[in-house]
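Residue numbers (the UniProt record's numbering): 1 to 660.
What follows is the structure, given as structure tokens:
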């Protein structure tokens, strides 16, 4: 098989029922998510810009200034790697992907400007866009690193150097800025760049058969195709998906072309960037966690747009592998700092968990795109779990500080920081929160799916009619959801409503009439098809169940332990509420859990409390070991939502409690 003929590339087919997210400006969020979007709009967006400037990123993209040169040193080899003159780590610096940080910062600013007018921020972003327009070469090429720092080396190392990845994030920033502000300068710049990329890469004779070592451009091209209507961009995304992992392996050929040994690769295996096999043959989630999530997101988009069941089958295999063997209870993923990714099945250490914020954000992307193929609660439930726990834990409540890693246990030394030499997470969590409205709903030709609950208003067109849908709810603290449907004229369509797996008891009424949930529900969604009229009301009542969660016994770190949950939220205990030595606390299976609203705590949360016990140290003595167990003392345990930890006094934190 040649590289020009990817295996099992499915023919174009009309999707059976494709659901696409509503553009962010068509959804207004209030309540829980409204508070978070406001924090990003008022603080985070400006902070991202300022810290990019402080890091000297503006100098790199401004063609009117001297090149800053290498600001962040290339990665240093270990002693054994230093012996190899072709060690690949020394060809990489995080400065190479500053364009991606600008792309995500522009995207965050775009949705923030839609939320809240900020002429000063808009002027700054417009100036950045002007610089990119001026930097762009005549043939459309645009990379500040390869134009300003390492000219003459474009398209020579896709495996390591993030060239197409940077293009992807700039594309997403351009789409967002156009959608939120109506300004299309950056969109036009990126369309010219993508036209150039399409002239360089593709299945046609004479073109490079490459793809990026860090996936991202695939899902960006889908967004670009949807907003411009240009099918060429969609086909290019499909090409990158189809070509990945084909033989002869592009990264091997590329290395030889630049005079390097393909085996002199820092990460030793192409599992690291998921190019070890063609995507349709992959059945195990491996390698760098963020790259994996972005690849699967792109695959899901292409499966949706082309009705490609060969991709859907592979995605479901990969989904099952992640969900049953390698996912933290918070929706975090990737336990290892070494490869920023996966190790072996059931390896889920708590204190050393890497669980990069970007990885959980990536899981939200993947899950939301799986919903493009139709409403299914297995994906939406996990999107919700990752949204409310493993991702927004990466952003402080006031929007000013960030986590890169999200451990499930801390002895008191893990805290949020202002910035990072690899600052991918701050703008990633910023753009996701600012665009949260795009995850609430999915629109098909004659159906609307409600994936997430919470105070919001959606505006959309269906069957030629304009419809406004208003959700009123105090979710996730309360499970009562009221939905009012307001079409401009009567219109028939199906409304899909999700019933979360964590909910043990639910009721649904339409205009006061009880709906038979068992008859109406498929794949965790109730389907209500009717002619909707102005003022139709849907009432949903979800019991906010509290639960003790147990890990598979093969997760050695969590055996004999429990995690606490209420609704979509995972809880943790902090030293500031419970004193030190959290590892000494135990909670019996019989202890009664109580939920309490605390409007003045952490921006207003529901806490969980129970009577537990603590192993005492006072009378132990000097012995390290002894035949008698420690004395225990009864105590009242208090747990707060995991996303809100490390927003008060610094101290210990623990998710998995000993069961005693």
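Built from N, CA and C at the ideal position, the CB exists for glycine as well. Just so we're clear, the structure is a prediction, and the values are computed from it rather than from any experiment.
Could you tell me the boundaries of the beta strand (DSSP E) in which residue i lies?
{"i": "residue 675", "result": "Residue 675 lies beyond the range of the chain shown here (1 to 660); nothing can be said about it."}
{"i": "residue 546", "result": "546-549"}
{"i": "residue 493", "result": "491-498"}
{"i": "residue 636", "result": "632-641"}
{"i": "residue 487", "result": "480-487"}
{"i": "residue 536", "result": "536-542"}
{"i": "residue 566", "result": "561-566"}
{"i": "residue 719", "result": "Residue 719 is absent from the structure shown; the chain starts at 1 and stops at 660."}
{"i": "residue 571", "result": "569-574"}
{"i": "residue 28", "result": "27-29"}
Are any of the Cβ atoms in chain D nearer than 9 Å to that of residue i?
{"i": "residue 211", "result": "Here there is only one protein chain, and chain D is not present."}
Nearest-angstrom Cα distance between residue i and residue j?
{"i": "residue 199", "j": "residue 324", "result": "42 Å"}
{"i": "residue 251", "j": "residue 34", "result": "44 Å"}
{"i": "residue 99", "j": "residue 208", "result": "23 Å"}
{"i": "residue 7", "j": "residue 119", "result": "Confidence at residue 7 is low in this model, with a pLDDT of 36, below 50, so the placement of that residue should be treated as unreliable; the coordinate-derived value is given next. When rounded, the distance between both Cα atoms is 50 Å."}
{"i": "residue 173", "j": "residue 582", "result": "43 Å"}
{"i": "residue 133", "j": "residue 145", "result": "15 Å"}
{"i": "residue 336", "j": "residue 342", "result": "6 Å"}
{"i": "residue 319", "j": "residue 295", "result": "12 Å"}
{"i": "residue 39", "j": "residue 560", "result": "39 Å"}
{"i": "residue 671", "j": "residue 369", "result": "In the structure displayed, the chain extends from 1 to 660; residue 671 sits before or after that span and is not available."}
{"i": "residue 512", "j": "residue 490", "result": "19 Å"}
{"i": "residue 622", "j": "residue 614", "result": "19 Å"}
{"i": "residue 305", "j": "residue 411", "result": "47 Å"}
{"i": "residue 408", "j": "residue 467", "result": "43 Å"}
{"i": "residue 158", "j": "residue 519", "result": "51 Å"}
{"i": "residue 363", "j": "residue 70", "result": "33 Å"}
{"i": "residue 143", "j": "residue 397", "result": "34 Å"}
{"i": "residue 533", "j": "residue 117", "result": "34 Å"}
{"i": "residue 659", "j": "residue 589", "result": "7 Å"}
Near residue i, which residues of its chain fall below 7 Å by C-beta distance, leaving aside the five closest residues on each side in sequence?
{"i": "residue 557", "result": "348, 349, 350"}
{"i": "residue 549", "result": "329, 562, 563, 565"}
{"i": "residue 233", "result": "194, 221, 224, 225"}
{"i": "residue 612", "result": "585, 586, 587, 591, 635, 637"}
{"i": "residue 139", "result": "196"}
{"i": "residue 544", "result": "478, 479, 566, 567"}
{"i": "residue 312", "result": "303, 373"}
{"i": "residue 327", "result": "333"}
{"i": "residue 415", "result": "646, 650"}
Could you spell out the range, first to last residue, of the alpha helix (DSSP H) harbouring residue i?
{"i": "residue 342", "result": "Unbroken run through residue 342: none, as it is neither H nor E."}
{"i": "residue 359", "result": "357-370"}
{"i": "residue 149", "result": "Per DSSP, residue 149 belongs to no alpha helix (DSSP H) and is neither H nor E."}
{"i": "residue 46", "result": "45-54"}
{"i": "residue 428", "result": "425-434"}
{"i": "residue 122", "result": "119-135"}
{"i": "residue 191", "result": "185-200"}
Quickly, what does DSSP pair residue i with across the bridge? List them, please.
{"i": "residue 466", "result": "461"}
{"i": "residue 605", "result": "598"}
{"i": "residue 513", "result": "510"}
{"i": "residue 528", "result": "495"}
{"i": "residue 443", "result": "20, 448"}
{"i": "residue 395", "result": "402"}
{"i": "residue 409", "result": "654"}
{"i": "residue 308", "result": "Paired residues: none, contrary to the question."}
{"i": "residue 472", "result": "482"}
{"i": "residue 74", "result": "Residue 74 is not bridged to any residue."}
{"i": "residue 614", "result": "585, 633"}
{"i": "residue 156", "result": "Answer is none; residue 156 lacks a bridge partner."}
Under 6 Å Cβ to Cβ from residue i, same chain only, skipping five residues before and after it: list those, please.
{"i": "residue 131", "result": "61, 62"}
{"i": "residue 483", "result": "471, 538"}
{"i": "residue 214", "result": "162, 165, 291"}
{"i": "residue 317", "result": "283"}
{"i": "residue 459", "result": "26, 468"}
{"i": "residue 399", "result": "39, 40, 43, 44"}
{"i": "residue 31", "result": "454, 455"}
{"i": "residue 485", "result": "469, 532, 536"}
Excluding five sequence neighbours on each side, which residues of the same chain lie with their C-beta closer than 8 Å to the C-beta of residue i?
{"i": "residue 181", "result": "110, 113, 114, 122"}
{"i": "residue 184", "result": "178"}
{"i": "residue 499", "result": "377, 506, 517, 521, 524, 525, 526, 542"}
{"i": "residue 502", "result": "381, 545, 547, 565, 567, 568"}
Inset, instruction - Inspect the CB distances between the stretch 240-250 and the stretch 133-152 and report whether three or more fall short of 8 Å. - result: no
Inset, instruction - Would you check if the stretch 454-461 and the stretch 379-389 touch, i.e. whether three or more CB-CB distances between them fall below 8 Å? - result: no
Inset, instruction - Determine contact between the stretch 157-175 and the stretch 188-198, defined as no fewer than three beta-carbon pairs at a distance below 8 Å. - result: The answer is yes - the stretch 188-198 touches the stretch 157-175, with three or more Cβ pairs under 8 Å.
Inset, instruction - Take every Cβ of the stretch 503-515, pair it with every Cβ of the stretch 540-549, and state whether three or more of those distances are shorter than 8 Å. - result: yes
Inset, instruction - Would you check if the stretch 437-445 and the stretch 17-24 touch, i.e. whether three or more CB-CB distances between them fall below 8 Å? - result: yes
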